[in-house]
Each structure stands twice: as C-alpha cells, then as structure tokens.
Amino acid sequence: MIIWCKWMCSKKGTYEFNEIEKKWQHFWADNKTFRSEDCDTSRPKYYVLDMFPYPSGQGLHVGHPEGYTASDIVARYKRMKGFNVLHPFGWDAFGLPAEQYAVKTGTSPEITTRKNIDNMRRQTKSLGFSYDWDREVSTTDPHYYKWTQWIFLKLFNSYFDETENKAKPIERLPVPDGLSEEERRKYIDDNRLAYEAEVAVNWCPELGTVLANEEVVGGVSERGGHPVIRKPMRQWMLRITKYAERLIDDLAQVDWPYSIKKLQTDWVGKSIGADVDFKLTDFDETIRVFTTRPDTLFGATYMVLAPEHPLVDKITAPDKIHAVAEYRDQAARKSDLDRTDLAKDKTGQPLGAFAVNPVNDEKIPIWISDYVLISYGTGAIMAVPAHDDRDFEFATKFNLPIIPVVEPDDPEQAKLVRQVEICFTGDGKAINSAQFDGLPTQQFKENITKWLAERDQGSKSVNYKLRDWLFSRQRYWGEPFPILHTQDGRVIGLTEDDLPLELPHIENYKPTGTGEPPLANAAGWLEVTLPDGTKARRETNTMPQWAGSCWYYLRYLDPLNDRRAWNPEKEKYWMPVDLYIGGAEHAVLHLLYARFWHKFLYDLGYVTTAEPFKKLINQGMILGEDGQKMSKSRGNVINPDKVIADYGADSMRLYEMFMGPLEAMKPWSMQGVEGVHRFLQKLWRAVIDEETGLLDPAVRDVQADEPTLRLLNQTVKKVGDDIETFGFNTAISAMMILTNHLSRLDVKPKSVIEKLVLILAPLAPHIAEELWQRLGHDDTLAYEPWPAYDEQLIKEKEIELAVQVNGKIKDRIVVSADADEQQIKAEALANEKVAAAIAGKEPRKVIVIKSRLVNIVV
RNA sequence: GCCGAAGUGGCGGAAUUGGCAGACGCGCGGGAUUCAAAAUCCCGUCCUGGCAACAGGGUGAGGGUUCGAGUCCCUCCUUCGGCACCA
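Okay, so the first sequence: first residue is 503 according to this note's numbering, each after it adds one.
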C-alpha cells in the first residue's frame, strides 16, 4: 500500500490542468499580456468583438463560451499573425430580471447586478480568454450611461434632412416664417429624432410596462409570456424610420450571413407602389390609399379604412353610426392576441359612404375593418378582391363584387380567374381595364402611375413596415432620460454638464400599475428648480435595455475617457469592428438598433464608418445531452464550472469547438469532452515524461523525417486556413492526426513539437503556454510568429489514384506526383483488374483527373 | 400560409466545392499489459452475403443533367429558425 502510494506520488509530471490553467491565467493578468495599444500604426489592427452578456443570477451557461472561444481563437491567432488586436469584454447589465428580483426581495438591482457580474467575471476568466480587462465596461456604470444619455441628447437635439438623407443639429432646422413662439416650438419638437408621442402601445399589465413590437411574440410578452394589450400612452420614440433606406442599402457593405441580411431587409420591409386619391361622392374629402398594385385599379370594387381612421366619424351615414361605433369599440378592445391568432375570420362594417374610382368613375362603397392597419401606409386601402387574398376573403364573406383585371399566362389558371373561381396575386396581362387592356403588369404599373400623376390623382410612393422605435419603459433599472418637463408644458434636455443623471435610490421598485413608472416615487429626485425659479419635473420613464448595447463597441475604444464618449483618433484607428460573434437571436433587435445609432453618429461626424460591424458570425445553440433545449425544468443543464473543474478550461474550449460547425445547433456530450481531453493528455505525454516531469527523452533536436515534415506542413497550413474560415472542428481534427503520428515516433523532433504547440495555442492556450515553457522558452507564446509552412514540403511524392471503369472503382494505382496524363492513362489501362473489367472492349473515353482518379468509359 | 437554413454510420460530424463517401472524435467488438481493474497501447467497426479473396447496395424520397452527383436542376417529405392581415 505504501509502495503503491509512493509510486503514484512519484509521477510528478502528469497533466495537472487545474494548476497549469491557474498559473497562466495569473501570468497573463499580472503581465497584462493582452493589453491593446491604441493607435499603434506599426501593425495592422484587428477588432474582435463578442456580444456582451446580461449578468444573470444563473451565471454562465455552456452556450456563452462557444462564441467567446471562437472569437478568442481568432484574437490569439491574429496576434501571432502580427496584428494589433482589440478584444474587449463587458456587461449589458440593465434589464428586467434584476428589477423583478428587487420587487420580490427589496434588494437593490445595483447589488444584485454587482454580485452577478463578479460571479460571471470569475467564470469568464476561468476559461482563459485573452480579453483586455482594462477595457471592461458595464452599461449600468454612471461613467458609462453618462454617454448613453449623451447620445440620447444628440438624438433629441437633431433632425433629419430629407434632401441630404442625413441627420443634422436641430439648430440648423429650417423653421417656416410667421409662426408663433408656441407653434415654432411645436414644429421643432415634431422634427426631433427623439420625440414624444401619444401612441397605441403594447402594454403588459403583468410586467407593468410597455414593450416594443419586437418584444411581443404572438400577442404575449417575449419574456415571461404575459398577455399584452394595446393602449394609448405618452411615449418616447426614436425616428429609426428615417434610416429605413440606408439600413437596407448599406447591408451591401457588410460581410454578414445572407439569412441575417434577409431578415433585416424583410423587417424594414420596403414596398414600392403608388398613392392613389379617391374622391368621396357626398363630401368634399378624398381618401388616399397606398397600393403596390396600381395596375389593378380597375378591379377596385370597394375601399376599407382602418377602424381608427380619422375620416370615419365624419363620413359615416346616420343609419350606420351605431353599428360602426360598436365595431370600432370592439376593435379597440382587441388585444394583439385576438388580432393575430384568433382573427382568421374577416369582420367589418359598411360606412354607408361612397367613393369614386378615379380610373372609371365607378361608385364604390367604403367599409371599415381591422384587417386594415392604421399604422401602415395611409390606414386605408382600395380593395381588389380578384387579386388580393385578404380582399378576396372579405368580399366573399360580405358579397361584394369581384372583377378580374389581371390574366395569368397559364391558360388553365386564366380560365379560373375569368370565372372568378380563384384569387390570382401574380403578374400577368391586363383585362377589363379599358385602354390599358393587354399591358403586362410591370408596364401597366408604370403607365398608370404616370397617368394618375398627370391628373393629380396619385403618385409613386414607397412604404416601409419598419415603425419608429418605442424607446421608453416604465421601469426603474434602466438609464434615466436626461429630460425635464416644465410647468408650462415644455420639454427640455439637460446639458452635457448635467450628465450623468444618476438613478436615484428608491425603496419601492413596484410599478404603480397605472403606467406611472417607479421613478415617480423618487421624491427628492423628481422635482427640479430651474435657473428662473420655476419648477420642473424629471422624465420618469427609463430607456430600454437595447440603449446601452447600441454603442458599447465604441466605448471599448476609450473606456476611461471622462471628457468624451471616445477619442476620435482612437475611433479612426480601431473602427470598424472586424469580427462580431454572437447569437442569431439578435438578428433584428440589437443589430438593427446598433446600426441605426451608428449611422446617426456617422451623420454628426462622431464615427468615420457607415457600418459598425464588418463581419458577423452567429454561433448556434448548444442543446442538452438529450438533444432538447437546455433548461432547469428539463434537468439537462450543463454547468461550465463543473466541466472546467473535471476536465479543464482547455478541454472545455476544445470540445465546444470540436462539436461541429460554429453556426450549427448541436447537442452536448460529456463523452465528447472526454475525447478531446484524451487528445490533450496524449499530446502532454508525447512531450513530457510523466515520471520525472521533465521533457521526454524522446524529444530531441533532430531533423524530422520526410513523412513527419510533410504532415507537419500540411497541418500548419490546414489549421491556419481553418481558423481563417472558422472551421475549428476540422482544425482540431488535423492536430489530432499530427499528435497521433508523433506519439508513435520513437524520436520526436523538437522543432515539430514546437510548431504543433504554437498552432494549438489559440485553441488551448494554457497547455500550449506550459509546454512552450517546458520546451525551454522564457516568454509567453502569445506574440510568437505564427509558424510558416512550405508548399513544396506539403506535396506528396507519390499519389494513389482510383481507377474506375464506367464510374465504378475497380482498383487503385500509385503513380509519381509529377506523372503526366499519358503516363497515368497507360498505367491505368495496364492494370489487371481494369483489363478484366473492360473485358476486351475498346475504351471510348479515358478521363484523367490528376491527383484524383481515372475513369475509363467503354 | 410565406421566407430562410438543414437532412450523411449506433452518435457528434468530415469530404480540396462535380472526382476514392464516412476524415477526426465518441460508442462498440477483439487483443496486449495487469494477480485483477482503471489508465494506456494495438487491431477492427456504413449495410447485406461470404471463413476469406470478393460481390452487391448505400448520403431523407422520387426523377433529371453528367464519363462521374452527398455536392448542380425539378417535384415531394421531415426538422429547425424567422415572419405572419404591412395592401
């Protein structure tokens, strides 16, 4: 027993990953190994950014390190390639969970947040990422949100110049002459990029706050799944719609996955069409509609207004007033849930009023229905039931006339369209359209738009699905608006000197339930005395969580600057972000908002690039071992702390990269972790004598043999190429192959081992540093040049080719690498098995693909 | 319903982008080492038939283009993600 123990203890050279990892993490921190040098023009720069996390009480889950490891590999690789790398980290720390916890327990969100950040920072550091921790930021830090408020003030103090298609300071807004002071103020306020409006919002009674459209999923809140109703309220809005065109166009400048670009394009939702004016028969009024199909005007048999349309009150016939009022009432009470999930059936009411179709002077009835939205286009449509599914359904239900005006090319379909059997929404040729008959759809659209314009009854028009950004929340734990409401009803912004406007400490975090935010309870904070002695009240809404994450990548450039949000020199040096890695769940929300702010800052000259993120990669979700989404209730959550304790950070990092393609969704496997851990063990034993802890005697300063040298050069090339293309799983597999080869050699050339250690370093940095040191190097390998490979050494001397007869493999031949086609052909035809397969027939064709195969066709 | 991505061994996944399908890892089977086990090392492992050499089949299904298709084209099925009265 004692002897056995002695024997165990004498093995002092085993792979002690826990000790090694701690040692190097301290080394990196103490030496500030990964500090980035601002404005170092002697090296090319590279900015690698992770989507910063919300510091939740659950801590890190295994999904976080996936993206972080990928970006860290690129950061470390680029350093070795001679780049000046900026790789920062921080916390998106405002948010609902800390506030809900505060409501429940009375613990200040500040305390909860600090605790959670400390824990998650510890976890993040335990993975050995090469962040420049001196640049750490938190959105909840007043030194940070001072500048979030500053950007908001810039928005508040800017307007959008339509002719130049860019934002400008509000002082330069041309204000019409002859306005009263009151009117002048209103005009200016109406042009600000941050403005107040009374809007029908998504009110969530359970959460006591409004939500952005994007935060409502299927009629319930995205977080928590609580019911959401529509309610008119005073809210802060940002004019993101002014940037709709640029948000679509500039996607051409960035290297993002096609699917994300598509998602954003669809979200902005550009439609080109025409506005058309319909005169009413009994009133001196016109109804303007937006349509993408002006070519179907002759088929417009009725009109529909949104229930909220302002003209409804005025034009409803006396005998319809009661029914219409009731309908509008019902529509107003409908929640989003009712409108989406349950409203499959069309409803509506006729107003008893009529309009005139401008193309044929037909008198057509006007209805209201909630299938027309007040918030899109003009809130009114012309209905062409023959060529629009929704109008078709409505007309069928209420027995309204259906006139086909577009004939499809397919004769079968054309017949059905003419007989009003089906609704056809595609392109075709015009029918029942007077002098326009026979025109193809596209042509007709142009002609009729011109025709309408000449008669002053319409014009070309573009609409977007994108709405202005609802920017206020009735919460405590968010950035306070730097805004004052005066007694005489003016809204004024604080000056830059007044920033930051800090969140006051309060006792009661509960929303009041009426929509009055918690900050309304902060007595000493709420009231302000202005220089002229009058009183003003602070804005009690706070900003949404997206605010802080809209610009954090800029603050990393200059995180300690107290005089400016960032130094322009540093911005010019570091921007744009070269690589941005994060989850696909932010495809429309965060990425669209951040691009909007960036473009705004670009217009004002604070940043020098039109787009913030050059290349974007989305990491896929990691599922539980059962292939299900990880969740506490399923009990399939993998705790990273435990994985690191059992196998080490290097194994954790390596496994997450080895699982499969970065973008793919893939299930966790503990046995898979063990697999990559065995690989590291094997490498360790190939270099270190486990008995002595010294370099293995087999590792010697000798020239590598040809196969080893070839494999080494192939591996160096492959790992480099794979890192450049984010194929980390195949890079690891290549290093496994080289390690397997080396472990079988009796004498291991030191130079080969060293290069393997260097190319492993970005992926498994701790073991690499340790081996590098034990191989006799004093300094960190973080800035060692990436090994070069020799193209000549990669080439095989002899190549095995498959020989096919009629596409079926019959045998394999080995030829010299420089054999020409004739030689290969002769060799192939001389082969016994090939001869047997040909059976004396004359080859019709012989296809030789060098270094691949030979195919003989008979 | 519309849009997007993807379907390859028992499992995670490779395949120079039209050229030997299944690299690498897991799991499994056999062997070496050991008193025994763990660890490690070696051999095998797509399916079917055969002791074997070998033969045949095989990348969700069906069709097509090609000397040659996991890869390109058409139709369909399944899974995942997004949008969902946006005129």
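Even glycine gets a Cβ: it sits at the ideal position worked out from N, Cα and C. Bear in mind the structure is a predicted one, so any value in this text is a computation, not a measurement.
(message) Quick check on the DSSP output: what are the complete alpha helix (DSSP H) runs of length 4 or more inside the segment 624-657, in order along the chain?
(response) none
(message) At the level of alpha carbons, what is the spacing between L1164 and W758?
(response) By one-based count along the first sequence, residue 1164 stands at place 662. By one-based count along the first sequence, residue 758 stands at place 256. The straight-line gap from Cα to Cα measures roughly 15 Å.
(request) Can you grab the Cα-Cα spacing for the pair E685 / N693, in whole Å? (result) In the first sequence, residue 685 corresponds to position 183, counting from 1. In the first sequence, residue 693 corresponds to position 191, counting from 1. Taking the straight line joining both Cα atoms gives about 13 Å.
(message) In this structure, how does DSSP classify P1251 when only helix, strand and coil are distinguished?
(response) To locate residue 1251, count along the first sequence from 1; it is residue 749. Looking at P1251 - three-state DSSP - the assignment turns out to be strand.
(message) I believe F1230 touches A572 by the beta-carbon criterion, under 8 Å. Please report the beta-carbon distance rounded to the nearest angstrom.
(response) Counted from its first residue, the first sequence places residue 1230 at position 728. Counted from its first residue, the first sequence places residue 572 at position 70. With 8 Å as the limit, F1230 and A572 qualify as a contact, their Cβ atoms being about 7 Å apart.
(request) Would you mind sorting K1250 into buried or exposed? The rule is 16 or more other CB atoms within 10 Å of its CB. (result) In the first sequence, residue 1250 corresponds to position 748, counting from 1. Label assigned to K1250: buried.
(request) Express the C-alpha separation of M622 and L1059 in angstroms, rounding to a whole number. (result) In the first sequence, residue 1059 corresponds to position 557, counting from 1. In the first sequence, residue 622 corresponds to position 120, counting from 1. Rounded to whole angstroms, L1059 to M622 spans 22 Å at the Cα level.
(message) Quick check: the segment 1065-1075 against the segment 541-548, are at least 3 beta-carbon pairs closer than 8 Å?
(response) yes
(message) Beta-carbon within less than 6 Å of E1087's beta-carbon, same chain only, minus the 5 sequence neighbours each way: which residues are those?
(response) Here residue 1087 is taken as the residue at index 585 of the first sequence, counted from 1. Here the set comprises nothing.
(request) Along the alpha helix (DSSP H) that carries Q1216, what are the first and last residues, could you check? (result) By 1-based counting over the first sequence, the position of residue 1216 is 714. Segment 1208-1226, the alpha helix (DSSP H) holding Q1216.
(message) Need the endpoints of the alpha helix (DSSP H) that V770 sits in, please.
(response) Locating residue 770 in the first sequence gives position 268, where the first residue counts as 1. Start and end: 760-770.
(request) Quick one: grab the DSSP three-state call for H589. (result) Walking along the first sequence from the start, residue 589 turns up at place 87. DSSP places H589 in coil when its eight states are reduced to three.
(message) So, does the segment 1132-1142 touch the segment 609-616, judging by three or more C-beta pairs under 8 Å?
(response) no
(message) So, with DSSP's three-state summary, where would you put W971?
(response) As a first step, residue 971 is located in the first sequence; it is residue number 469 there, counting from the start. Strand at W971.
(request) Leaving aside the five residues before and after I750 along the sequence, list all residues of the same chain whose C-beta is less than 7 Å from its C-beta, in chain order. (result) Within the first sequence, numbered from 1, the residue matching residue 750 stands at position 248. Excluding positions up to five away in sequence, the list reads T767, V770, K772.
(message) Looking at T1044: is its Cβ nearer than 8 Å to the Cβ of E998?
(response) Here the question's residue 1044 lines up with position 542 in the first sequence. Here the question's residue 998 lines up with position 496 in the first sequence. No, Cβ-Cβ distance for T1044 and E998 is not below 8 Å.
(message) Less than 8 Å between the beta carbons of N1357 and D1292, yes or no?
(response) One-based indexing of the first sequence puts residue 1357 at position 855. One-based indexing of the first sequence puts residue 1292 at position 790. Cβ distance not < 8 Å, so N1357 and D1292 don't count as in contact.
(message) Distance check for P887 and F896, CA to CA, integer angstroms please.
(response) On the first sequence, position 394 is the one that residue 896 refers to. On the first sequence, position 385 is the one that residue 887 refers to. For F896 and P887, the distance between alpha carbons rounds to 8 Å.
(request) Would you check if there are 3 or more beta carbon pairs closer than 8 Å linking the segment 783-803 to the segment 853-867? (result) yes
(message) In this structure, how does DSSP classify F896 when only helix, strand and coil are distinguished?
(response) Mapped onto the first sequence, residue 896 falls at position 394. Correct three-state label for F896: helix.
(request) Give the straight-line distance between the Cα atoms of Y556 and L1056, rounded to the nearest whole angstrom. (result) Indexing the first sequence from 1 puts residue 556 at position 54. Indexing the first sequence from 1 puts residue 1056 at position 554. Their backbone Cα atoms lie some 18 Å apart in a straight line.
(request) Just mark Q976 as buried or exposed, buried being the case when its beta carbon has 16 or more other beta carbons within 10 Å. (result) Translated into the one-based positions of the first sequence, residue 976 becomes position 474. By the neighbour-count rule (16 or more Cβ atoms within 10 Å), Q976 is buried.
(message) I'd like the ranges of any beta strand (DSSP E) spanning at least 3 consecutive residues and lying wholly in the segment 873-933.
(response) 882-885
(request) Can you have a look at E923 and say buried or exposed, based on whether 16 or more other CB atoms are within 10 angstroms of its CB? (result) For this step, residue 923 is matched to residue 421 along the first sequence. Looking at its Cβ environment, which holds fewer than 16 other Cβ atoms inside 10 Å, E923 is exposed.
(request) Can you give me the Cβ contacts of L844 inside the same chain, cut-off strictly under 6 Å, excluding the 5 residues immediately before and after it? (result) Here the question's residue 844 lines up with position 342 in the first sequence. The pLDDT assigned to L844 is 44, lower than 50, so where the model puts this residue is not dependable, and the model offers no usable value.
(message) Please report the straight-line C-alpha distance between L1093 and D1320, rounded to a whole angstrom.
(response) Counted from its first residue, the first sequence places residue 1093 at position 591. Counted from its first residue, the first sequence places residue 1320 at position 818. When rounded, the distance between both Cα atoms is 52 Å.
(request) Compute the Euclidean distance between the alpha carbons of L1156 and V1178, then round it to the nearest angstrom. (result) Translated into positions along the first sequence, residue 1156 becomes position 654. Translated into positions along the first sequence, residue 1178 becomes position 676. One C-alpha to the other measures close to 7 Å.
(request) Find out if the Cβ-Cβ distance for the pair D1313, V1348 is shorter than 8 Å. (result) The residue you call residue 1313 lines up with position 811 of the first sequence. The residue you call residue 1348 lines up with position 846 of the first sequence. Cβ distance not < 8 Å, so D1313 and V1348 don't count as in contact.
(message) Pairs of beta-carbons, one from the segment 1281-1298 and one from the segment 587-596, closer than 8 Å: are there three or more?
(response) no
(request) Measure from the alpha carbon of K514 to the alpha carbon of each residue in K1257, T1194, L629, then state which is nearest. (result) On the first sequence, residue 514 is found 12 positions in, with the first residue counted as 1. That would be T1194, whose Cα lies nearest to the Cα of K514.
(request) Output yes or no for whether 8 Å exceeds the beta carbon distance between P1002 and P1289. (result) Start at 1 with the first residue of the first sequence, and residue 1002 comes out as number 500. Start at 1 with the first residue of the first sequence, and residue 1289 comes out as number 787. No; because the gap between Cβ atoms is not below 8 Å, this pair is not in contact.
(request) Within 10 angstroms of the Cβ of A604, are there 16 or more other Cβ atoms? Answer buried if so, exposed if not. (result) What you label residue 604 is simply residue 102 of the first sequence in a count that begins at 1. By the neighbour-count rule (16 or more Cβ atoms within 10 Å), A604 is buried.
(message) In this structure, how does DSSP classify Q1047 when only helix, strand and coil are distinguished?
(response) As a first step, residue 1047 is located in the first sequence; it is residue number 545 there, counting from the start. Coil at Q1047, not helix or strand.
(message) Under 8 Å: do the segment 716-735 and the segment 672-692 share three or more Cβ pairs, one atom per stretch?
(response) no
(message) Give me the residue from Q1121, D1105, K1168, G1162 with the minimum Cα distance to Q1130.
(response) Within the first sequence, the letter at position 628 stands for residue 1130. The candidate whose alpha carbon is nearest that of Q1130 is K1168.
(message) Whole angstroms are fine: how far does the CA of I653 sit from the CA of Y646?
(response) Taking the first sequence and counting its residues from 1, the one referred to as residue 646 is at position 144. Taking the first sequence and counting its residues from 1, the one referred to as residue 653 is at position 151. Approximately 11 Å, taken between the alpha carbons.
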